[in-house]
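Take a look at the structure below.
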Amino acid sequence: MPVAERDGLKVWQRRTRGATLTRWAAWLVFLLVFLYCWQQISERTLWIFVLDSHKQAWDLGVRMTPPRWTYIGDLWGPLWDTLNIATLGTVLAILMATPLAFLAAKNTTPHPLIRQVALILIVASRSINTLIWAILFVVLFGPGVVAGVLAITLRSVGFIGKLLYESIEEISPSPVEAIRAVGGTPPQVLTYGIFPQVFPAFVGISVFRWDINIRESTIVGLVGAGGIGLQLDASVNSLLWSQVSLILLIVFILVLFSEWLSATIRKAVT
Amino acid sequence: MSLSSDKSPTPAQPGTVNPQPRRWRRPPLIRNPLLRWAVVTGSIIYFYFAFTTMGIDPARIAQGIPRGWEFLKGFFWPDFWTRRSDIAEGVIESLSMTLISTAIGVVLCIPLAIGAARNIAHPVIYAICRAIIAITRTFPEVMIAIFFVIMFGFGPFAGIVTLVIATIGFLGKLLAEEIEACSMDQIEAIRATGASTPKVIIFGLVPQIFPRLVGLSMYRLDINFRESAIIGVVGAGGIGATLNTTFDRYEFSSAAAILLIIIGIVLLAENVSSYIRQKLI
Numbered sequence: 001m002p003v004a005e006r007d008g009l010k011v012w013q014r015r016t017r018g019a020t021l022t023r024w025a026a027w028l029v030f031l032l033v034f035l036y037c038w039q040q041i042s043e044r045t046l047w048i049f050v051l052d053s054h055k056q057a058w059d060l061g062v063r064m065t066p067p068r069w070t071y072i073g074d075l076w077g078p079l080w081d082t083l084n085i086a087t088l089g090t091v092l093a094i095l096m097a098t099p100l101a102f103l104a105a106k107n108t109t110p111h112p113l114i115r116q117v118a119l120i121l122i123v124a125s126r127s128i129n130t131l132i133w134a135i136l137f138v139v140l141f142g143p144g145v146v147a148g149v150l151a152i153t154l155r156s157v158g159f160i161g162k163l164l165y166e167s168i169e170e171i172s173p174s175p176v177e178a179i180r181a182v183g184g185t186p187p188q189v190l191t192y193g194i195f196p197q198v199f200p201a202f203v204g205i206s207v208f209r210w211d212i213n214i215r216e217s218t219i220v221g222l223v224g225a226g227g228i229g230l231q232l233d234a235s236v237n238s239l240l241w242s243q244v245s246l247i248l249l250i251v252f253i254l255v256l257f258s259e260w261l262s263a264t265i266r267k268a269v270t
Numbered sequence: 271m272s273l274s275s276d277k278s279p280t281p282a283q284p285g286t287v288n289p290q291p292r293r294w295r296r297p298p299l300i301r302n303p304l305l306r307w308a309v310v311t312g313s314i315i316y317f318y319f320a321f322t323t324m325g326i327d328p329a330r331i332a333q334g335i336p337r338g339w340e341f342l343k344g345f346f347w348p349d350f351w352t353r354r355s356d357i358a359e360g361v362i363e364s365l366s367m368t369l370i371s372t373a374i375g376v377v378l379c380i381p382l383a384i385g386a387a388r389n390i391a392h393p394v395i396y397a398i399c400r401a402i403i404a405i406t407r408t409f410p411e412v413m414i415a416i417f418f419v420i421m422f423g424f425g426p427f428a429g430i431v432t433l434v435i436a437t438i439g440f441l442g443k444l445l446a447e448e449i450e451a452c453s454m455d456q457i458e459a460i461r462a463t464g465a466s467t468p469k470v471i472i473f474g475l476v477p478q479i480f481p482r483l484v485g486l487s488m489y490r491l492d493i494n495f496r497e498s499a500i501i502g503v504v505g506a507g508g509i510g511a512t513l514n515t516t517f518d519r520y521e522f523s524s525a526a527a528i529l530l531i532i533i534g535i536v537l538l539a540e541n542v543s544s545y546i547r548q549k550l551i
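Keeping their order, the protein sequence lines are chains A and B. Counting with the numbering used here, you get residues 1 to 270 for the letters of the first sequence. Counting with the numbering used here, you get residues 271 to 551 for the letters of the second sequence.
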């Protein structure tokens, strides 16, 4: 127990002097880094705009209320597109991620080298955000729903692939050995030994990702990849704030609904 | 296991050889046949309409394939050099935004999380804090960023405010759940010594949630870097703005270089944060 002497009295202390100094040094370093970062940001900020922000916020609030309810007629199409981007993207991602996960799992991979390649693909897909994928596909294939679907797909492959291969690695080997022992071919081992074990996780992961994708598919339109984001971008650019507030309201409802649906399905499966 | 009875109308009698042995069939995923067929036909109809309304333009996609090839080539010969000063500036800006927003977010999330924990907060405060968390978590970061860019002007400051808001929602929710799972014994013990409410929180509650808070903050640091790389698309600063410019100019080898840098930093951050989390738990 660290003890310090103060006026001849022994006083309890939480840490030794060395530990205390190290902590102070660490905090000092953190503070210096923070200040350096702050200076970097401050140089790039026009403070006059920041000081003015409360007026802008008030102005924005006034213009956003009330929402232009009649605009909803124009939103059904984009909403349908948004739903499709999320759903088709998730389905395509599942189709691509499932084989990838089996190649990446330690216990099912055919070769360690293939495993490394699969892991790199999963990491690359996960590290790049949906919006960046969307920018890429809009440049490649032109604006539209196709770019959105592909963007959602490529981001989700890594997410689903990673969680799925982790759950494949956690399966119990006994059913696999049992199927093999009765003479099951490798595909049979896969369908009867492995798949039933990972199925609940598989459904849970897919539905969870679908829920995230609904949220993501509302923004891919900002870079031209279809969905309700296109309408949001158009409304913001033409300063039609009463339309923007209606879009935000709809996005809010959509996200809450998808969250509720995914939670319900996950609860039913597990 | 379900045995298909329709294939063997007469069950095997002992001592006789059944001409049609009973065969095992895999049990269907959904037991109720009506529901099963409804789900199957429903999905077929849905996918039919989803595909036909997608507006696929084969000519445009064919045009995109050479560009895609160009981009892939860029990935093998990334150009870090031509735009080096823009890239360096974007990376520093992104990293600064990440650090500042995470630090501020962590500090602000603690009172919010305490307010959103059912076991210690007053019901009215609980409802308010939960509402704040729900609203900040629902909207994607980029959407929030649009508004802060209008309020604070273009640049990283709007990005920082966005990331702080997102961090508060994320950490507030997870931390509140952690507080709700806390043991009340220690809190009561501190309260029994006559400590005031702030002291109860500092000595009874914070030690219980601190390791988890550090772990979650590390995780959020990692997420914030990824997000800082994209909110630049709407003008909120960071490497995303640089990336968007290179794509607009079709400079695929510079874009590939930026993407490789992002992947590298994300990997590094992920490994460091998981290392710290493992050491703490």
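Every residue, glycine too, gets a C-beta built ideally from N, C-alpha and C.
Quick check: the Cα distance between Val484 of chain B and Ile326 of chain B, rounded to an integer number of angstroms? The residue you call residue 484 of chain B lines up with position 214 of the second sequence. The residue you call residue 326 of chain B lines up with position 56 of the second sequence. The alpha-carbon atoms of Val484 of chain B and Ile326 of chain B are separated by roughly 47 Å.
Are the C-beta atoms of Leu369 of chain B and some chain A residue less than 8 Å apart? The residue labelled residue 369 of chain B in the question sits at position 99 within the second sequence. Leu369 of chain B counts as touching chain A.
Mind reading off the beta-carbon distance from Ala446 of chain B to Ala404 of chain B? Whole number of angstroms is fine, and I expect it under 8 Å. By one-based count along the second sequence, residue 446 of chain B stands at place 176. By one-based count along the second sequence, residue 404 of chain B stands at place 134. In this structure, Ala446 of chain B and Ala404 of chain B do not form a Cβ contact; the two beta carbons are roughly 12 Å apart against a cut-off of 8 Å.
With 9 Å as the limit, tell me which residues of the stretch 515-527 of chain B have their beta carbon closer than that to any beta carbon of chain A; keep them in chain order. Phe517, Asp518, Tyr520, Phe522, Ala525
From the beta carbon of Leu513 of chain B, is the nearest beta carbon of chain A less than 8 Å away? As a working mapping, residue 513 of chain B is identified with position 243 in the second sequence. It does: the Cβ of Leu513 of chain B has a partner Cβ on chain A nearer than 8 Å.
Is the separation between the beta-carbon of Phe495 of chain B and that of Ile533 of chain B shorter than 8 Å? As a first step, residue 495 of chain B is located in the second sequence; it is residue number 225 there, counting from the start. As a first step, residue 533 of chain B is located in the second sequence; it is residue number 263 there, counting from the start. No, Cβ-Cβ distance for Phe495 of chain B and Ile533 of chain B is not below 8 Å.
Under 8 Å from the C-beta of Asp553 of chain B: neighbouring residues of chain A: The requested residue 553 of chain B does not occur in the structure, where chain B is confined to residues 271 to 551.
Which partner residues of Glu5 of chain A appear in the DSSP bridge assignment? The residue you call residue 5 of chain A lines up with position 5 of the first sequence. Paired residues: A:Lys10.
Look up Ser262 of chain A in the DSSP assignment and say whether it is helix, strand or coil. In the first sequence, residue 262 of chain A corresponds to position 262, counting from 1. DSSP places Ser262 of chain A in helix when its eight states are reduced to three.
Could you check whether the Cβ of Val554 of chain B sits closer than 8 Å to any Cβ belonging to chain A? A query on residue 554 of chain B cannot be resolved here, the shown segment of chain B reaching from 271 to 551 and no further.
Where Gly73 of chain A sits in the DSSP three-state scheme: Position 73 of the first sequence holds residue 73 of chain A. Reduced to three states, the DSSP call for Gly73 of chain A is helix.
Does the stretch 417-433 of chain B come within contact of the stretch 467-475 of chain B, defined as at least 3 CB pairs closer than 8 Å? no
Starting from His54 of chain A and walking both ways along the alpha helix (DSSP H), at which residues does that stretch end? On the first sequence, position 54 is the one that residue 54 of chain A refers to. First-last of the alpha helix (DSSP H) with His54 of chain A: 53-64.
Does any residue of chain B bring its CB to less than 8 Å from the CB of Thr218 of chain A? Taking the first residue of the first sequence as 1, we reach residue 218 of chain A at position 218. Interface residue, yes.
Through-space distance from Val3 of chain A to Gln13 of chain A, alpha-carbon basis: For this step, residue 13 of chain A is matched to residue 13 along the first sequence. For this step, residue 3 of chain A is matched to residue 3 along the first sequence. About 6 Å.
Beta carbon of Asp211 of chain A nearer than 8 Å to that of Leu222 of chain A: Taking the first residue of the first sequence as 1, we reach residue 211 of chain A at position 211. Taking the first residue of the first sequence as 1, we reach residue 222 of chain A at position 222. Pairing Asp211 of chain A with Leu222 of chain A gives a Cβ-Cβ distance that is not under 8 Å.
Where does Ser278 of chain B fall in DSSP's three states? Indexing the second sequence from 1 puts residue 278 of chain B at position 8. Confidence at Ser278 of chain B is low in this model, with a pLDDT of 46, below 50, so its placement is unreliable and the value that follows should be read with caution. Three-state DSSP puts Ser278 of chain B in coil, outside helix and strand.
Shorter than 8 Å from the beta carbon of Phe49 of chain A to some beta carbon of chain C? Although the question refers to chain C, the structure presented lacks it and instead comprises the protein chains A and B.
Ala459 of chain B to Glu411 of chain B span [Cα, whole Å]: Numbered from 1 along the second sequence, position 189 holds the residue referred to as residue 459 of chain B. Numbered from 1 along the second sequence, position 141 holds the residue referred to as residue 411 of chain B. So the alpha carbons of these two residues sit roughly 41 Å apart.
How about Asp276 of chain B: is its C-beta nearer than 8 Å to some C-beta of chain A? As a working note, residue 276 of chain B is residue 6 in the second sequence. Confidence at Asp276 of chain B is low in this model, with a pLDDT of 46, below 50, so the placement of that residue should be treated as unreliable; the coordinate-derived value is given next. No, no contact with chain A.
Quick one: does Thr311 of chain B have its CB under 8 Å from some CB of chain A? The count along the second sequence starts at 1 and reaches residue 311 of chain B at position 41. Residue-level contact by beta carbon fails for Thr311 of chain B and chain A, as no gap is shorter than 8 Å.
Whole-angstrom distance between Arg126 of chain A and Leu119 of chain A, CA atom to CA atom: For this step, residue 119 of chain A is matched to residue 119 along the first sequence. For this step, residue 126 of chain A is matched to residue 126 along the first sequence. One C-alpha to the other measures close to 11 Å.
List the residues of chain A that Gly338 of chain B touches, going by C-beta distances under 7 Å, in chain order. Along the second sequence, one-based indexing puts residue 338 of chain B at 68. Ordered by position in chain A, the residues that pass the 7 Å Cβ test against Gly338 of chain B are Leu140.
Would you please state the rounded distance, in angstroms, between the beta carbons of Val269 of chain A and Val203 of chain A? I believe it to be under 8 Å. As a position in the first sequence, residue 269 of chain A is number 269, starting the count at 1. As a position in the first sequence, residue 203 of chain A is number 203, starting the count at 1. Confirmed, about 5 Å.
Measuring only the C-alpha atoms, how far is Ala332 of chain B from Arg23 of chain A? Position 62 of the second sequence, counting from 1, holds the residue named residue 332 of chain B. Position 23 of the first sequence, counting from 1, holds the residue named residue 23 of chain A. Going by the C-alpha atoms only, they are around 60 Å apart.
Compute the distance between the beta-carbons of Ile152 of chain A and Ile500 of chain B, then report whether it is under 8 Å. On the first sequence, residue 152 of chain A is found 152 positions in, with the first residue counted as 1. On the second sequence, residue 500 of chain B is found 230 positions in, with the first residue counted as 1. No. Outside cutoff.
Which residues in the same chain as Ser371 of chain B place their Cβ atom closer than 7 Å to its Cβ, once the five residues preceding and following it in sequence are excluded? Working through the second sequence from its first residue, we reach residue 371 of chain B at position 101. Same-chain partners within the cutoff: Ile430, Leu433, Val434, Thr437, Asn494.
Express the C-alpha separation of Ser364 of chain B and Pro393 of chain B in angstroms, rounding to a whole number. Against the second sequence, residue 393 of chain B aligns to sequence position 123. Against the second sequence, residue 364 of chain B aligns to sequence position 94. Distance between the alpha carbons of Pro393 of chain B and Ser364 of chain B: 39 Å.
Against chain B, does Arg20 of chain A count as a neighbour if the rule is that its beta carbon must be under 8 Å from one of theirs? Residue numbering aside, residue 20 of chain A sits at position 20 when the first sequence is read from its first letter. Reading off the sequence, residue 20 of chain A comes out as Thr, not Arg. No, no contact with chain B.
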